[in-house]
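Novice: In the order they appear, the protein sequences are chains A and B.
Per my numbering, the very first residue in the first sequence carries number -11; after that it's consecutive.
Per my numbering, the very first residue in the second sequence carries number 97; after that it's consecutive.
The C-beta atom is built at its ideal place from N, Cα and C for all residues, glycine as well.
Got a structure here, written out as structure tokens. Questions coming.
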Amino acid sequence: MRHDLCSFRASVTVQPADLDLTPLVQMREATRVFGEVTAADHVSLDVSEGTILGLIGPSGSGKTTLIRMLTGTVAPSSGEVRVLGEDPRRFRRETRERIGYLPQDFLLYRDLTAAENVSFVAALFGMFWPSRRRRTREVLELVQLWDARRRLARDMSGGMRRRLALACALVHDPAVLFLDEPTAGIDPLLRQMVWEELRRLRDGGRTLLVTTQYVGEAQHCDTVALLSDGQLIALDHPDRLVRRALGGDLLEVVTKRPIDPRPVRDLRGIQRVEQRSPERLRIVAEDGSAATPLIVDTITAHGGEVATINERRPTLDEVFALLVEDHRARNGDPEPAAP
Amino acid sequence: MKSLGRTSAMVRKELRELARRPGAILSLILGPLVVMALFGAGFTGERNTFRAIVVVPAGSELPQDVEYYRQMAGRLVIIADVVPDVSTARARLGHDDIRLLVITPKDIRKHLEAGEQATLEVDWNELDPLEDMAASSAANEVGHALNTFIIKGAAAEGLRFVATAAGQPNPSLRPEVVAEPVRTAGRNLAPVQTGVVAYFGPAVFALILQHLGITLTALSLVRERTSGAMEIFRVAPIRPLELLVAKYVAYAFLSAIIGATVMVLMVRVLGVPFAGPVPDVAVVVALLTVASLGLGLFISLVADTERQAVQLAMLVLLGSVFFSGFVLPVDEFRLPVQALASLLPVTHGIALLQQLMLRGLIVDGWHVVALGVIAAVLFIASAWQIRHVMRDL
């Protein structure tokens, strides 16, 4: 049987053993309604200290609304949100200094240089001159903009500006970071470096909530929250999520002649059979190794001949598309997912 | 300490952004001066004269000579021609060839002998209500001049008759004294006799200061919202009041520099008088600046888009030009409009700066109180609104 993904409400977090187990970020049945649109629908999740939670979902799935509820820039219509033990709407000043935020549409100050932009945000978060200067250099070096520190933001490319915005979010070394698409518009090599830095921050005990449009980046997260239409449809470690989504191993079968898939469906331990073409089957089996000889025998017994049979690990894109489509199908919305 | 650091960082940020646009700053300083210089050089302050035709019907005893009527016409009327036919003259009035049509009575002597007033018809064709009033004055001036001319002629004739009868003329009695026994000798007791630029200088300066304050600030918070910076401010430990104070300080500093530069250039280059004590002028300028910045910031907080902010700023400018006393005296408006005008900082700024710079003292002290109240109310309203904007969840 497949998992009922729509009723998924459990929270799974990776928790280093030497850290406090109290979640730094908590959401309980958090809902936000804008007019007739429910942007976040009874979302519950916990994020423990020193972890990276990736928020992934199609456009308009509610990722940004979730981040904004967690930063206190949007109030939940119902439910409870707590960050660092406080209601984000009533953060104390000291608490605000421990939070880093990169909004999705932060365009920076175009008439300020890279260094001035970073230094300004550092001052906003209460940093004084010596440490501000040191950290400005550190974060600009991190995002590879130190050489462009005197360049005006208006003269930078879109990718450079995004990196600069990320530097602004990191400059005051916050305990909790909310990053809304930090790698949007950045080339793959630099994205990799950004994720390395995010993991380094995580290893240093920082807690990060990151939305991304690149599903493949989910592999960098300790936990992935998959959102669709404002609902949290999956929350787990990326590897476990793949297996949970499929309910087993994925087998690709190619035959020399067209075959009838029905006999394979009746086999024990077979979760799903999808005929991709007359000679090609995609099969989800509880145990791929055990099912392989049974499948070959069954096809041969029904007059077919197996050319190849391989166990394949699906991409995260495939898994998330499958989960979202499944969720939408259950809600009566057949629109294909575009994570 | 951190609060001071945050506020000063915000002030530095604002000033740096403005400093990176030197063209805009230069136009803010030089623009008003160029406008004032053009105004002073181009505006003569003299009213347009009225080109007129005099109709003397055929058979009238009045002369047909143009020079005769040119001598009696007032300074506003220039007699272009004397014609006998009314319809031709009316056609020329209809075609804007002339602006006044003076139709003399045909049998003026008959009216006088009958003890009746003769009627001098004067026609004009003006859409502009101000020109209509001016034409009416010109018509009265023509009538007055004609009456004086007739009385003077009659008096001269009478005096000649008396002199002939008495055998010697009376030297103390002259026809012009009989015609106009009283003449006017007016004096302006104002401390300075101003030209156009000098008179309008303080008003233009006040209007510039208000428009500068509004223009600088009206877009500032709208931009913070549209650039996503407001999202950062909402999360950062900066208080709404700190943000507001930083905006006030940054733009007040800039307004002070621009205002002082414009004032010096205005006085030194354009020769606008500066009679008032410097501290008093400084206080008025400071109050006007703070009130204007408050108005701009309030616009910035209530406007959703840059376009809306610009429209509101232009609306305030338009209202200021019409109702502040810049062009038309405030007390010529009906009371409700006067009340509305008193809500504009520039209304009080113009009154106070004209009094201080041209007379050297404040005549109407209540303007200072009004300006202070406007500045305070706008600051409080902006503080309330910025809290609403930053914490509106």
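At least one CB of chain B closer than 8 Å to the CB of VAL294 of chain A: is that the case?
Specialist: Translated into positions along the first sequence, residue 294 of chain A becomes position 306. With 8 Å as the cut-off, VAL294 of chain A does not count as an interface residue toward chain B.
Novice: Measure the beta-carbon distance from GLY257 of chain A to GLU240 of chain A and round it to whole angstroms, keeping in mind my assumption that it falls under 8 Å.
Specialist: The residue you call residue 257 of chain A lines up with position 269 of the first sequence. The residue you call residue 240 of chain A lines up with position 252 of the first sequence. Contact flag wrong, Cβ pair sits at about 17 Å.
Novice: Can you tell me the Cα-Cα spacing of ARG194 of chain A and THR39 of chain A, whole angstroms?
Specialist: Sequence index remark: in the first sequence, residue 194 of chain A carries index 206 (1-based). Sequence index remark: in the first sequence, residue 39 of chain A carries index 51 (1-based). The straight-line gap from Cα to Cα measures roughly 7 Å.
Novice: Using a Cβ-Cβ cutoff of less than 7 Å, which residues in the same chain neighbour VAL127 of chain A once the five nearest sequence positions on both sides are dropped?
Specialist: Here the question's residue 127 of chain A lines up with position 139 in the first sequence. Cβ neighbours of VAL127 of chain A beyond the five flanking positions: VAL106, ALA155, LEU158, VAL159.
Novice: Go ahead and pull the three-state DSSP assignment for GLN219 of chain A.
Specialist: Mapped onto the first sequence, residue 219 of chain A falls at position 231. GLN219 of chain A: strand per DSSP, three-state reduction.
Novice: So what does DSSP say about MET132 of chain B, is it helix, strand or coil?
Specialist: The residue given as residue 132 of chain B occupies position 36 in the second sequence. It is helical.
Novice: In whole angstroms, what is the alpha-carbon distance linking HIS463 of chain B and LEU457 of chain B?
Specialist: Position 367 of the second sequence, counting from 1, holds the residue named residue 463 of chain B. Position 361 of the second sequence, counting from 1, holds the residue named residue 457 of chain B. One C-alpha to the other measures close to 13 Å.
Novice: Which same chain residues, not among the five before or five after CYS(-6) of chain A, have their C-beta less than 7 Å away from its C-beta?
Specialist: As a first step, residue -6 of chain A is located in the first sequence; it is residue number 6 there, counting from the start. Residue placement at CYS(-6) of chain A cannot be trusted, given a pLDDT of 33 that sits under 50; what the coordinates show is reported in the next sentence. Closer than 7 Å at Cβ, skipping near neighbours: ILE221, HIS315, ARG318.
Novice: What did DSSP end up calling ARG279 of chain B once you bin it into helix, strand or coil?
Specialist: On the second sequence, residue 279 of chain B is found 183 positions in, with the first residue counted as 1. Note: ARG279 of chain B maps to coil in three-state DSSP.
Novice: Do ALA213 of chain A and GLY60 of chain A count as a contact pair if the criterion is CB distance below 8 Å?
Specialist: For the purposes of this step, residue 60 of chain A is taken as residue 72 along the first sequence, with counting starting at 1. For the purposes of this step, residue 213 of chain A is taken as residue 225 along the first sequence, with counting starting at 1. Taking 8 Å as the Cβ cut-off, GLY60 of chain A and ALA213 of chain A do not qualify as a contacting pair.
Novice: Just confirm the distance between the C-beta atoms of LEU452 of chain B and ASP376 of chain B, as a whole number of angstroms; I'd bet it's less than 8 Å.
Specialist: Translated into the one-based positions of the second sequence, residue 452 of chain B becomes position 356. Translated into the one-based positions of the second sequence, residue 376 of chain B becomes position 280. LEU452 of chain B to ASP376 of chain B, Cβ: 6 Å. Contact.
Novice: For the region 307 to 324 of chain B, list every residue whose C-beta sits within 7 Å of some C-beta in chain A, in sequence order.
Specialist: Hits within the stretch, in order: SER323, GLY324.
Novice: Taking the alpha helix (DSSP H) that ASN284 of chain B belongs to, which residues open and close that run?
Specialist: Position 188 of the second sequence, counting from 1, holds the residue named residue 284 of chain B. Segment: none, ASN284 of chain B is in no alpha helix (DSSP H) and carries neither H nor E.
Novice: Would you tell me roughly how many angstroms separate the C-alpha atoms of VAL469 of chain B and GLY390 of chain B, rounded to the nearest one?
Specialist: Counting from 1 along the second sequence, the entry for residue 469 of chain B is found at position 373. Counting from 1 along the second sequence, the entry for residue 390 of chain B is found at position 294. VAL469 of chain B and GLY390 of chain B: Cα-Cα distance of roughly 12 Å.
Novice: Which runs of the beta strand (DSSP E) spanning at least 3 residues fall entirely within the region 215 to 297 of chain A, listed in chain order?
Specialist: Fully enclosed beta strand (DSSP E) runs of 3 or longer: 219 to 224, 237 to 243, 258 to 265, 268 to 273.
Novice: Report yes or no: is there a C-beta of chain A within less than 8 Å of the C-beta of LEU489 of chain B?
Specialist: Sequence index remark: in the second sequence, residue 489 of chain B carries index 393 (1-based). The pLDDT assigned to LEU489 of chain B is 49, lower than 50, so where the model puts this residue is not dependable, and the model offers no usable value.
Novice: Could you check the C-alpha separation between LEU189 of chain A and LEU54 of chain A for me, to the nearest Å?
Specialist: The residue labelled residue 189 of chain A in the question sits at position 201 within the first sequence. The residue labelled residue 54 of chain A in the question sits at position 66 within the first sequence. If I take the Cα positions, the gap works out to 22 Å.
Novice: Could you work out which residue in B:LEU440, B:LEU397, B:ARG430, B:PRO425 is closest to LEU414 of chain B when comparing CA atoms only?
Specialist: As a first step, residue 414 of chain B is located in the second sequence; it is residue number 318 there, counting from the start. Answer by Cα proximity: B:LEU440.
Novice: Are the region 85 to 101 of chain A and the region 164 to 182 of chain A touching by the rule of at least three beta carbon pairs closer than 8 Å?
Specialist: With a cut-off of 8 Å, the region 164 to 182 of chain A and the region 85 to 101 of chain A count as touching, because enough Cβ pairs lie within range.
Novice: Can you name the start and end residues of the alpha helix (DSSP H) that GLY421 of chain B belongs to?
Specialist: Position 325 of the second sequence, counted from the start, is the residue given in the question as residue 421 of chain B. Careful: GLY421 of chain B lies outside any alpha helix (DSSP H) and carries neither H nor E.
Novice: Starting from TYR89 of chain A, trace the beta strand (DSSP E) in both directions and tell me its first and last residue.
Specialist: Position 101 of the first sequence, counting from 1, holds the residue named residue 89 of chain A. It spans 87 to 90 - the beta strand (DSSP E) in which TYR89 of chain A sits, taken as one unbroken run.
Novice: Under DSSP, the beta strand (DSSP E) around THR19 of chain A begins and ends at which residues?
Specialist: Residue mapping note: residue 19 of chain A aligns to position 31 of the first sequence, counting from 1. Looking at the DSSP string, the run of the beta strand (DSSP E) that includes THR19 of chain A is 13 to 22.
Novice: Considering only residues of the same chain and omitting the five flanking positions on each side of LEU129 of chain B, which have a CB-CB separation below 6 Å?
Specialist: Start at 1 with the first residue of the second sequence, and residue 129 of chain B comes out as number 33. Cβ within range, chain order: LEU361.
Novice: Classify LEU124 of chain B: buried if its beta carbon has 16 or more other beta carbons within 10 angstroms, exposed otherwise.
Specialist: For the purposes of this step, residue 124 of chain B is taken as residue 28 along the second sequence, with counting starting at 1. So LEU124 of chain B counts as buried.
Novice: Is it the case that the region 280 to 294 of chain B contacts the region 430 to 446 of chain B, given that we only count it when at least three CB pairs across the two stretches are under 8 Å?
Specialist: Cβ pair count under 8 Å is below three, so no.
Novice: Taking one C-beta from the region 193 to 212 of chain A and one from the region 129 to 144 of chain A each time, how about it: are there three or more such pairs within less than 8 Å?
Specialist: Segments in contact, no.
Novice: Could one say the Cβ of ALA346 of chain B lies closer than 8 Å to chain A's Cβ atoms, at least one of them?
Specialist: For the purposes of this step, residue 346 of chain B is identified with residue 250 of the second sequence, where counting begins at 1. For ALA346 of chain B, the answer is no, since every Cβ of chain A falls outside 8 Å of its Cβ.
Novice: For VAL78 of chain B and ALA235 of chain B, which I take to be in contact (beta-carbon distance under 8 Å), what is that distance rounded to the nearest angstrom?
Specialist: Nothing can be reported for residue 78 of chain B, as the shown portion of chain B is limited to 97 through 489.
Novice: Any beta-carbon of chain A closer than 8 Å to the one on LYS98 of chain B?
Specialist: Taking the second sequence and counting its residues from 1, one reaches residue 98 of chain B at position 2. So, interface residue.
Novice: Taking the alpha carbon of GLN263 of chain A as the point to measure from, which residue in A:PHE22, A:VAL69, A:VAL242 has its own alpha carbon closest?
Specialist: On the first sequence, residue 263 of chain A is found 275 positions in, with the first residue counted as 1. Here the closest residue by C-alpha is A:VAL242.
Novice: So, helix, strand or coil for LEU100 of chain A, using DSSP?
Specialist: On the first sequence, position 112 is the one that residue 100 of chain A refers to. DSSP places LEU100 of chain A in coil when its eight states are reduced to three.
Novice: Roughly how many angstroms separate the alpha carbons of ARG147 of chain B and LEU197 of chain B, rounded to a whole number?
Specialist: For the purposes of this step, residue 147 of chain B is identified with residue 51 of the second sequence, where counting begins at 1. For the purposes of this step, residue 197 of chain B is identified with residue 101 of the second sequence, where counting begins at 1. Taking the straight line from one Cα to the other gives about 9 Å.
Novice: Can you tell me whether DSSP reads LEU337 of chain B as helix, strand or coil?
Specialist: Within the second sequence, the letter at position 241 stands for residue 337 of chain B. Looking at LEU337 of chain B - three-state DSSP - the assignment turns out to be helix.
Novice: Just to confirm, are ARG102 of chain B and GLU338 of chain B a CB contact at a threshold of 8 Å?
Specialist: Within the second sequence, numbered from 1, the residue matching residue 102 of chain B stands at position 6. Within the second sequence, numbered from 1, the residue matching residue 338 of chain B stands at position 242. For ARG102 of chain B and GLU338 of chain B, yes; Cβs fall inside 8 Å.
Novice: Whose CA, out of A:PRO281, A:ALA278, A:SER265, A:ARG260, lies closest to the CA of ILE271 of chain A?
Specialist: Start at 1 with the first residue of the first sequence, and residue 271 of chain A comes out as number 283. Closest option to ILE271 of chain A, Cα to Cα, is A:ARG260.
Novice: Under the rule that 16 or more other beta-carbon atoms within 10 Å means buried, what is GLY136 of chain B, buried or exposed?
Specialist: Here residue 136 of chain B is taken as the residue at index 40 of the second sequence, counted from 1. Result: buried.
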